[in-house]
Structure formats: structure tokens, C-alpha cells
Amino acid sequence: MITKEEFLEGQILLIDKPLTWSSFQAVNALKWGIRRKFDLKKIKIGHAGTLDPLATGLLIICTGKFTKRIPTLQGQEKEYTGTITLGGTTPSYDMETNVDKTYPIEHITEEQIHAATSNFIGKIQQVPPVFSALKKDGKRLYEYAREGQAVEIKSREIEITTFEITKIDLPNVDFRVVCSKGTYIRSLANDFGVALESGAYLSSLRRTKIGDFNVDKAVSPADFHTDVLGMEKPKEK
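Number 237 marks the last residue of the sequence shown (UniProt numbering); no jumps.
Here you go:
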């Protein structure tokens with residue numbers, strides 16, 4: 001059991017973020033539990049890299065003095081697994097928004113799918129999704145998107161070291177990606193559809209690694225409360 005002093009001094013906590021939870025909700029759930037368990041008025045706590053609500057998987061949460069390590073942890077290589085659905089696009093590049101256009105997929109072969117991954121290996125330029133928390137002129141991009149405003153988004157250099165197709169069951173394509181900080185897997189899914197002369201969106205995503213940290217060692221927020229803090233499970237979000 002981790003003590004109050006150890007939480008205050010600094011801990012790196014590995015959390016398996018549930019589907020539909022925001023990263024902020026996960027941090028708050030742990031913060032609430034730690035404060036309640038040890039009767040603390042405040043504790044420094046933060047996460048080392050956001051996961052979209054529709055993604056699951058590894059979220060590194062730091063407490064106390066270890067919050068100073070967050071920038072270093074954020075810069076580490078990340079691994080994801082997930083599913084890309086071919087034949088349609090969505091404004092958010094994932095299932096947060098509805099399909100707005102459909103495209104043919106009859107021309108796409110398994111060989112083409114495997115071959116298309118090579119377009120994205122190495123250092124490449126990637127345009128982030130308009131449905132993202134990045135700021136332009138002091139305003140979040142998703143705010144422009146929800147207002148229906150067109151906005152120019154500059155591409156950024158990212159690096160993808162691995163883009164592996166693990167299963168093909170059209171229209172769904174399962175994958176594993178290892179990439180640098182700042183990579184948007186939603187943008188990769190959208191661009192992958194373009195490379196196949198079709199459309200595509202991200203239909204599931206799970207972060208499995210950040211640097212040497214593996215989701216296999218992570219616990220859910222509920223299990224953190226019961227197994228780490230020895231408390232009752234929090235109410236579901």
C-alpha cells in the first residue's frame with residue numbers, strides 16, 4: 001500500500017483509461033481518492049499525455065514532485081493498437097462524429113493495404129485533426145470546428161517507426177503503430193484512406209506503451225481505489 005508521504009513525495013501511477021472517460025476525469029478520480037483516503041486538502045497530480053475519450057489504454061499519472069517528470073514522459077515514444085474503418089470519413093476522423101461521406105472500397109486489395117503503410121514510415125508531415133485541443137490564435141481548434149468555421153491548420157513533423165497491419169476484415173483494418181510525441185492516430189487513419197483512394201476513420205484505439213511503461217502493468221481507476229487505496233469503488237462516470 002502506498003503511503004500518504006509517498007504520494008506527496010512522488011509516484012508514477014499507470015492507469016488503464018476506460019472508454020468514454022476523458023484524461024481529465026481519470027486524473028480527477030485518482031485525485032479525489034487520494035485526498036479522501038489521506039484527508040489531504042491538496043496534492044499535485046497530472047497526466048503525461050492525453051488520450052481521447054474514445055480511446056482506452058495507458059495513461060501515466062504523476063503525483064507530488066514527480067509531476068516535474070511529466071515533460072520528459074510526454075516526449076517518449078508511444079505504441080498504439082486499433083482499428084481503421086475504410087469506406088467513409090467523419091469530421092473528427094473518429095467515431096465522435098457521424099460519417100459524412102462514403103467511398104468505394106471494392107478496388108482495395110490486401111496487398112494494397114499492406115503496401116500503403118510504407119507511405120507513413122519515418123519522419124513525415126502530418127496535419128492534426130480540426131477536432132483537437134490544439135490552439136490557433138488563442139482558441140481551441142475544436143471550437144472553430146463546432147462553430148462551422150474553416151481554419152487553416154499547419155502540418156507538423158512527426159515520426160512513425162512502426163505501422164503494422166495485424167488483421168484485415170474489410171471494411172475494418174487492425175493495426176499497431178509506434179510513433180513520436182504529437183502523432184495523431186486519427187489523422188493517420190484519415191490519411192491512410194486517402195492513400196488507398198478511398199476514405200477512412202479511426203473506429204477504435206488503445207495506447208499500449210509509453211516508453212518502457214506498458215499497459216499490462218496498469219490498473220483501472222476503480223481498481224486503483226480498491227487495490228491501491230483500499231477504498232470502495234467510485235461510482236461509474
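We treat Cβ as the ideally placed atom computed from N, Cα and C, and that holds for glycine. It should be emphasised that the depicted structure is a prediction, and the values quoted were computed from it without experimental measurement.
Is it buried or exposed for residue i, if we count other Cβ within 10 angstroms and need 16 for buried?
i: residue 155; result: exposed
i: residue 191; result: buried
i: residue 237; result: Summary for residue 237: the model assigns pLDDT 49, below 50, so the residue's position carries little reliability; its value from the coordinates is reported in the next sentence. Counting Cβ neighbours within 10 Å, residue 237 comes out exposed, since fewer than 16 surround it.
i: residue 121; result: exposed
i: residue 79; result: buried
i: residue 21; result: buried
i: residue 16; result: buried
i: residue 86; result: buried
i: residue 126; result: buried
i: residue 247; result: Missing from the structure shown is residue 247; the chain here goes from 1 to 237 and no further.
i: residue 83; result: buried
i: residue 7; result: buried
i: residue 200; result: buried
Grab me the residues of residue i's own chain with a C-beta within less than 6 Å of its C-beta, minus the 5 sequence neighbours each way, in chain order.
i: residue 195; result: 116, 119
i: residue 58; result: 207, 210, 215, 218
i: residue 145; result: 130, 131
Where do the ends of the beta strand (DSSP E) carrying residue i lie?
i: residue 125; result: 122-126
i: residue 203; result: 200-210
i: residue 194; result: Element bounds for residue 194: not the beta strand (DSSP E) but the alpha helix (DSSP H), 185-195.
i: residue 17; result: 10-17
i: residue 161; result: 156-169
i: residue 58; result: 55-64
i: residue 45; result: 45-47
i: residue 172; result: 172-179
Which stretch, first to last residue, makes up the alpha helix (DSSP H) that contains residue i?
i: residue 114; result: 110-116
i: residue 35; result: 23-38
i: residue 82; result: It is not in any alpha helix (DSSP H) - residue 82 instead sits in the beta strand (DSSP E) that spans 78-86.
i: residue 143; result: 141-146
i: residue 71; result: 70-74
To which residues of the same chain is residue i closer than 7 Å at the C-beta, ignoring the five residues directly before and after it?
i: residue 231; result: 33, 37, 225
i: residue 238; result: There is no way to answer for residue 238, as the model of the chain reaches only from 1 to 237.
i: residue 277; result: For residue 277 there is no data in the structure shown, the boundaries of the chain being 1 and 237.
Between which residues of its own chain and residue i is the CB-CB distance below 8 Å, once the five residues before and five after are set aside?
i: residue 113; result: 165, 168, 173, 196
Taking just the CA atoms, how far does residue j sit from residue i?
i: residue 81; j: residue 205; result: 6 Å
i: residue 28; j: residue 49; result: 15 Å
i: residue 19; j: residue 221; result: 12 Å
i: residue 68; j: residue 147; result: 36 Å
i: residue 104; j: residue 31; result: 48 Å
i: residue 123; j: residue 90; result: 26 Å
i: residue 52; j: residue 5; result: 32 Å
ask   = For the 8 Å Cβ check, are there 3 or more pairs between the region 158-170 and the region 96-103?
value = No contact exists between the region 158-170 and the region 96-103.
request  = May I ask you to verify whether the region 167-176 touches the region 137-156, counting CB pairs closer than 8 Å and requiring at least 3?
outcome  = Touching, no, given that fewer than three Cβ pairs across the two stretches are closer than 8 Å.
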